[in-house]
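Let me begin by presenting the structure, written as structure tokens, before commenting on it.
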Ligand code: MSP
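Next comes the structure, spelled out in structure tokens:
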């Protein structure tokens, strides 16, 4: 019964509606969703809120540019964000929009409380304002650029309502001291403490120059300034003025990126203190995903989108990669190369291979029923002990948001179980009763190891662990398992295995990257649901067993010619790509090829290659590519080997 469970409330930031989600935003939401699933498995009644931050001058301008009203503009954007989260399976329990009526009421109520308690006054403010970041830039002079985004600031003077932030220096410092876990990680805590110790200036919380905002009742044309408006969304989502009725406030965790930690750990607690409302328990700041050493952002044009990854490798692969390859709290570099390497080594060869091998051997030797183990040998006991001992440690790591460390430990168990199978060799045992008994013990042990790691990995890999659960013939849903009750030895002999499952089909790295990059360049399409019961993208990753035959007329549509490489250079920020110019007889073409790790640019000059010349031009990492060089894809990594000619051929000759 949810009523008996302790409540747990977690939030993502509410996202600006001036663009669609990239990997940075997706990362925030994936982390929250992982904590949400983890806490549910620890017996909590969890609510996760996400949503959209829809007011401000940027939206006014964007709507004008799109030739629609602001209402129409934000409705479309919010629907797109929502649809994408739905498609990715990370939709949260509450979706709050700052244009929701219930949110407006909450903001107005919070303002009234702060004002009644004497923390709001009217004044004038002149300052340099960055309209992109929706913030005045402290200490900036006219003509200065915004230190965060580098854009020019604007001088603004207007009548504002001010919030007496200066009155909260001591209360905030006392609060941080009494609640040392409030700001995480500790490095951020130290930063914030020194910022507050440096003194706090009062904060303007309304605007008269902006139209598109929540009105201050009886004080029009004042509308609320973005942070007073946005932060309050966390409260609006769980009841607003009636928050006590729902029982989720105060929030347990606000998960944010490091760029917005100050707003969450200084402004927000101060607003709530002024209104005498309960304060959130913790703010966790994660780092950024960087692309070529810079923060991903739409304005820099270096964003990576989630959908192509999900379609080619599946959502679980993306979740696993972002949580495994970065230390939570620190910045991480996004790389397609590392993503596909992780996919192949940890998911396809790791979990996927272990699960299908174990199930296949049980199928073959025990008619698809979990065997009954016999007496244990020291090596069985060693594995048992290792796994049993790791369960508590994995939970501790999850508790500290040590996702990477938790996954490392879970995957060390998979490796240990794999090694156990390899050394016990159940397939090499004979048909005697003793051998059959031994085989049963080994395979029960392997299946039990699989069951335990499946439960532990579920918060990170919800989709594939559900499929392993079905494969193992386990009752209920893996997400409803009680992590606190998880013990070695709970796998029941005699349980029939479920339907066989496709887990993580191996994919050639070069092909996967090519496909993801090609999709990145396509205009973003509305969400199309992948086939039910499949991981999006995985179906496409499975090699087609019987490729459809094409007629000669179809083949003739592809124009291929002999080309000669004239220049070759690397592309900054795209480790895989070389930018080539290629003489195809009638013209010199610029072509990008994903061969940089395998070919030295200098050695390519003068080389004759086969070129597809009638492909529509496309952009790879922002660089135009007009054609394609043909290469064989060799070995499991898909190493490209350029197709060439053993005799001298004329540049521009057609390949038929
Ligand atoms: N609307 C505000 C938040 C208001 S919360 C009351 C906002 N929106 S945002 O869309 O710009 O950013 C939302 C979150 O995405 C932030 O936590 C930000 O740190 C995160 N990310 C945006 N780009 C990112 C990366 N490249 N990497 C990781 N996260 C980053 O700020």
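Residue numbers (the numbering used here): 62 to 717.
Just so you know, even glycine gets a beta-carbon here, dropped at the ideal spot from N, CA and C.
No experiment lies behind these values; they were computed from the predicted model shown.
Compare the beta carbon distance of residue 714 and residue 623 with 8 Å and say whether it is the shorter of the two. Position 653 of the chain shown, counting from 1, holds the residue named residue 714. Position 562 of the chain shown, counting from 1, holds the residue named residue 623. Yes.
Paired residues, beta bridge with residue 187 - DSSP: By one-based count along the chain shown, residue 187 stands at place 126. Answer is 218, bridged to residue 187.
Give me the residue from 717, 162, 370 with the minimum Cα distance to residue 615. Start at 1 with the first residue of the chain shown, and residue 615 comes out as number 554. Answer by Cα proximity: 717.
Taking the continuous alpha helix (DSSP H) assigned at residue 93, which residues delimit it? Position 32 of the chain shown, counted from the start, is the residue given in the question as residue 93. 84-102 is the extent of the alpha helix (DSSP H) around residue 93.
Below 7 Å, is the gap between the Cβ of residue 74 and the nearest heavy atom of the ligand MSP? The residue labelled residue 74 in the question sits at position 13 within the chain shown. Yes, the ligand MSP has a heavy atom inside 7 Å of this Cβ.
Quick one: residues in its chain with C-beta nearer than 6 Å to the C-beta of residue 562, no 5 flanking neighbours on either side, listed in chain order? Within the chain shown, residue 562 is the residue found at index 501, counting from 1. So the list reads 528, 532, once near-sequence residues are dropped.
Return yes when the Cβ of residue 269 is within less than 8 Å of the Cβ of residue 282, no when it is not. On the chain shown, residue 282 is found 221 positions in, with the first residue counted as 1. On the chain shown, residue 269 is found 208 positions in, with the first residue counted as 1. Yes, the Cβ-Cβ distance between residue 282 and residue 269 is below 8 Å.
Assuming residue 731 contacts residue 348 under a Cβ cut-off of 8 Å, what Cβ separation, rounded to an integer in Å, is found between them? With the chain covering only 62 through 717, there is no way to say anything about residue 731.
Can you grab the Cα-Cα spacing for the pair residue 444 / residue 482, in whole Å? As a working mapping, residue 444 is identified with position 383 in the chain shown. As a working mapping, residue 482 is identified with position 421 in the chain shown. For residue 444 and residue 482, the distance between alpha carbons rounds to 11 Å.
Which of helix, strand or coil DSSP assigns to residue 344: Within the chain shown, residue 344 is the residue found at index 283, counting from 1. In this structure, residue 344 counts as strand in the three-state DSSP scheme.
Which first and last residues belong to the alpha helix (DSSP H) in which residue 166 is found? Within the chain shown, numbered from 1, the residue matching residue 166 stands at position 105. Looking at the DSSP string, the run of the alpha helix (DSSP H) that includes residue 166 is 162-177.
Expressed to the nearest angstrom, what Euclidean distance is found between the alpha-carbon atoms of residue 261 and residue 227? Here residue 261 corresponds to residue number 200 of the chain shown, with the count starting at 1. Here residue 227 corresponds to residue number 166 of the chain shown, with the count starting at 1. When rounded, the distance between both Cα atoms is 5 Å.
Round the Cβ separation of residue 395 and residue 511 to the nearest angstrom and send it over; I've been treating them as touching at under 8 Å. Within the chain shown, the letter at position 334 stands for residue 395. Within the chain shown, the letter at position 450 stands for residue 511. Contact flag wrong, Cβ pair sits at about 31 Å.
Span of the alpha helix (DSSP H) around residue 482: Within the chain shown, the letter at position 421 stands for residue 482. That run of the alpha helix (DSSP H) goes 464-485.
In the DSSP assignment, what residue or residues form a beta bridge with residue 315? For this step, residue 315 is matched to residue 254 along the chain shown. Answer is 72, 344, bridged to residue 315.
Taking just the CA atoms, how far does residue 96 sit from residue 381? As a working note, residue 381 is residue 320 in the chain shown. As a working note, residue 96 is residue 35 in the chain shown. If I take the Cα positions, the gap works out to 14 Å.
Does the separation of the CB atoms of residue 504 and residue 487 fall below 8 Å? Here residue 504 refers to the residue found at position 443 of the chain shown. Here residue 487 refers to the residue found at position 426 of the chain shown. Yes; because the gap between Cβ atoms is below 8 Å, this pair is in contact.
Measuring alpha carbon to alpha carbon, tell me which of 162, 236, 421 ends up nearest residue 560. Translated into the one-based positions of the chain shown, residue 560 becomes position 499. Closest option to residue 560, Cα to Cα, is 421.
Short of 6 Å in beta carbon distance, which residues of its chain neighbour residue 749, apart from the five on each side in sequence? Order them along the chain. Limits of the chain in this structure are 62 at one end and 717 at the other, which puts residue 749 out of reach.
Using CA coordinates, which residue listed in 525, 546, 169 is at the minimum distance from residue 332? As a first step, residue 332 is located in the chain shown; it is residue number 271 there, counting from the start. Out of 525, 546, 169, 169 has the C-alpha closest to the C-alpha of residue 332.
Three-state secondary structure (DSSP) at residue 66? One-based indexing of the chain shown puts residue 66 at position 5. Of the three classes helix, strand and coil, the one that applies to residue 66 here is coil, per DSSP.
My guess is that residue 432 and residue 501 are in contact by the Cβ rule of under 8 Å, so how many angstroms apart are they, rounded? Residue 432 sits at position 371 when you count from the first residue of the chain shown. Residue 501 sits at position 440 when you count from the first residue of the chain shown. The pair is a contact, with the Cβ atoms about 4 Å apart (cut-off 8 Å).
For residue 729 versus residue 190, is the C-beta distance shorter than 8 Å? Shown here, the chain extends from 62 to 717; a query on residue 729 therefore has no answer.
According to DSSP, is residue 621 helix, strand or coil? Numbered from its first residue, the chain shown carries residue 621 at position 560. In the structure shown, residue 621 sits in a strand (DSSP, three-state: E or B).
Below 8 Å, can you find three or more Cβ-Cβ pairs linking the segment 338-352 to the segment 305-312? yes
Around the Cβ of residue 74, are there at least 16 other Cβ atoms within 10 angstroms (buried) or fewer (exposed)? To locate residue 74, count along the chain shown from 1; it is residue 13. Burial call: buried.
Let me know the beta strand (DSSP E) ranges lying completely inside the segment 208-291, each 3 residues or longer, listed in chain order. 215-224
Please report the residue range of the alpha helix (DSSP H) in which residue 570 lies. For the purposes of this step, residue 570 is taken as residue 509 along the chain shown, with counting starting at 1. 570-582 is the extent of the alpha helix (DSSP H) around residue 570.
Top-ranked residue by Cα proximity to residue 65, from 105, 76, 98: Within the chain shown, residue 65 is the residue found at index 4, counting from 1. When each option's Cα is compared against that of residue 65, the closest is 105.
Thinking just about the alpha-carbon of each residue, which of 266, 571, 497, 665 is nearest to the one in residue 186? Here residue 186 corresponds to residue number 125 of the chain shown, with the count starting at 1. Closest by alpha carbon: 266.
Rounded to the nearest angstrom, how far is the Cβ of residue 224 from that of residue 263, given a contact under 8 Å? Stepping through the chain shown from its first residue, residue 224 is reached at position 163. Stepping through the chain shown from its first residue, residue 263 is reached at position 202. The Cβ separation is near 6 Å, so the contact holds.
Quick test of your reading: residue 454 and residue 470, contact by CB under 8 Å. State the CB separation rounded to the nearest angstrom. As a position in the chain shown, residue 454 is number 393, starting the count at 1. As a position in the chain shown, residue 470 is number 409, starting the count at 1. With 8 Å as the limit, residue 454 and residue 470 qualify as a contact, their Cβ atoms being about 6 Å apart.
Return the residue from the list 655, 630, 635, 123 that minimises the CA-CA distance to residue 642. Within the chain shown, numbered from 1, the residue matching residue 642 stands at position 581. Closest by alpha carbon: 630.
So the alpha helix (DSSP H) residue 377 belongs to, where does it begin and stop? Locating residue 377 in the chain shown gives position 316, counting from the first residue. Looking at the DSSP string, the run of the alpha helix (DSSP H) that includes residue 377 is 376-385.
Assign residue 70 to buried or exposed, taking buried as 16 or more other Cβ atoms, counted over all protein chains shown, within 10 Å of its Cβ. Residue mapping note: residue 70 aligns to position 9 of the chain shown, counting from 1. Per the 10 Å Cβ criterion, buried.
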